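Everything below concerns the one structure shown next.
Shown next, in the form of structure tokens:
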């Protein structure tokens, strides 16, 4: 997961923000708030599955020729669209069982999935497609309702049939259509109904409840459907989030969020089919991360009510998952004080400090000994960068007790150590955290014990020495805040009104 930390403009912001590594995920008819205060910043592994030889050959040839990928994709997509074959393909896909064979409908579904895959890659690599988009043909051809009906039929029959060969192309078609919709750039008009796609994938996720004995097929259904949900909620649209968190809530069966949290829990259990269930962890975490990135507090509340925190707690220091989990935690910390308190009560504050540490201390028989954390985790920069955002969010809108706990337990010195290691990557965000702490100390309504305590923290943590090295920074806002912090730490009270 590649993440680029966006420098937060603290005045008027409620949280630190991270930016997705890829841009262009929103479409022309979407309104994106430039002051969006939570982040959607994960990029996923490409979902894979077993496919017919022809599809595998096509996709492997694409990946082996990345230098000329846009031209290859155009050469594959152009003839199909220009020859008017899309309508015929969709006709086979939507035909009734009485008018075409099952194998023909399945083959047509594979073509739909492959075309959607090609177009999504084209949109990602070249930034747009200047001819008629294939995803528009999907709406015109009425494929989405047919795909939805057929997938539901397969799910209904799953307990009585041993062959589910029809399921994979249908589900892949839905997932890849979702990805194509996600990556259409802002200046390109599309007609595909995102909400219909979203509701279809939500229905699939609601129908599948896996356990320790679930088959590869059942796990794979939830795996691909969850990736589809990730694509369709990636842009942070509140209407999409609302459908996701409330879908199936009036039914006796679990909600979508409950199923996702259940998937995260099962993926961490040992036992039979552990390697299959673990596939669910990344897509489930990514969708949960999208939901808590919402600016609507109730969306995050629903995730918390489903009991996700204990499962995140166990993953926070795992090398493979520290980036995802700390991203989720930073967005929860961007919420209200009650949500921050839930993090505190669930034990995330001590873990937050551990994320910054590469060496931990342990006392054995009265002697302090040092031992290295897992080598897999040591130096995990994505997790540390997200942890900085969490600190910023707590210092910004957190309670006085939360701020005092972090400072009294050494967060300032840990932040300064991170600046020493990666000044170009984290200076601005670390400065934000320290600046907000000092500002809250100076607030007449939120004062700590006295000014001597603040100055002691700034001196003992090394803040003053390290920040003084950046007084000639090219960014005036950075130098102004550094000067302010140094003046407070050195008791130059005449310059405290910034």
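Residue numbers (our numbering): 1060 to 1557. Ideal placement from N, C-alpha and C gives every residue a C-beta, glycine not left out. Being a predicted model, the structure only gives us computed values, none of them experimental.
DSSP on residue i, reduced to helix/strand/coil?
i	result
residue 1482	helix
residue 1379	coil
residue 1531	coil
residue 1166	helix
residue 1405	coil
residue 1235	helix
residue 1520	coil
residue 1439	coil
residue 1563	This structure gives no information on residue 1563, because the portion of the chain shown stretches from 1060 to 1557.
residue 1269	coil
residue 1241	helix
residue 1541	helix
residue 1515	helix
Residue range of the alpha helix (DSSP H) that residue i falls in?
i	result
residue 1261	1253-1266
residue 1342	1340-1351
residue 1286	1275-1292
residue 1315	1315-1326
residue 1304	1297-1305
residue 1395	Run containing residue 1395: none; DSSP gives neither H nor E here.
residue 1372	1368-1374
residue 1467	1459-1467
residue 1359	1356-1364
Can you give me the Cβ contacts of residue i inside the same chain, cut-off strictly under 7 Å, excluding the 5 residues immediately before and after it?
i	result
residue 1371	1384, 1387 and 1388
residue 1005	This structure leaves residue 1005 out entirely; the chain is present only between 1060 and 1557.
residue 1423	Its pLDDT being 43, under 50, residue 1423 is placed unreliably by the model, and the measurement read from it follows with that caveat. Correct list: empty, nothing qualifies.
residue 1093	Unreliable positioning characterises residue 1093 in this predicted model, as indicated by a pLDDT of 27, which lies under 50. The coordinate reading is nonetheless provided below. Same-chain partners within the cutoff: there are none.
residue 1394	1356 and 1359
residue 1392	1399, 1402, 1449, 1452 and 1453
residue 1526	1541, 1544 and 1545
Looking only at its own chain, which residues have a Cβ that is under 6 Å from the Cβ of residue i, when we skip the five neighbours before and after it?
i	result
residue 1338	1282
residue 1513	1500
Near residue i, which residues of its chain fall below 8 Å by C-beta distance, leaving aside the five closest residues on each side in sequence?
i	result
residue 1301	1355 and 1358
residue 1020	Nothing can be reported for residue 1020, as the shown portion of the chain is limited to 1060 through 1557.
residue 1369	1405
residue 1408	1402, 1461, 1464, 1465 and 1468
residue 1489	1447, 1474, 1475, 1477 and 1478
residue 1291	1237, 1240, 1241, 1253, 1256, 1257, 1260 and 1299
residue 1537	1486, 1487, 1490 and 1529
In whole angstroms, what is the alpha-carbon distance linking residue i and residue j?
i	j	result
residue 1549	residue 1466	18 Å
residue 1382	residue 1374	10 Å
residue 1299	residue 1272	32 Å
residue 1324	residue 1366	10 Å
residue 1444	residue 1305	32 Å
residue 1261	residue 1284	8 Å
residue 1415	residue 1495	19 Å
residue 1314	residue 1458	32 Å
residue 1255	residue 1441	34 Å
residue 1533	residue 1482	14 Å
residue 1258	residue 1264	10 Å
residue 1511	residue 1350	42 Å
residue 1277	residue 1268	8 Å
residue 1364	residue 1397	13 Å
residue 1539	residue 1279	53 Å
residue 1119	residue 1230	In this predicted model, residue 1119 has a pLDDT of only 38, less than 50, meaning its place in the structure is not dependable enough to derive any value.
residue 1480	residue 1486	10 Å
residue 1361	residue 1531	46 Å
residue 1266	residue 1410	35 Å
residue 1345	residue 1320	11 Å
residue 1541	residue 1399	27 Å
residue 1505	residue 1498	In this predicted model, residue 1505 has a pLDDT of only 47, less than 50, meaning its place in the structure is not dependable; the value taken from the coordinates is given anyway. Straight-line Cα distance between these residues: approximately 9 Å.
residue 1322	residue 1297	24 Å
Exercise for the section: Examine the Cβ distances between the region 1453-1471 and the region 1396-1407 and report whether three or more of them are shorter than 8 Å. Expected result: Yes, the region 1453-1471 touches the region 1396-1407.
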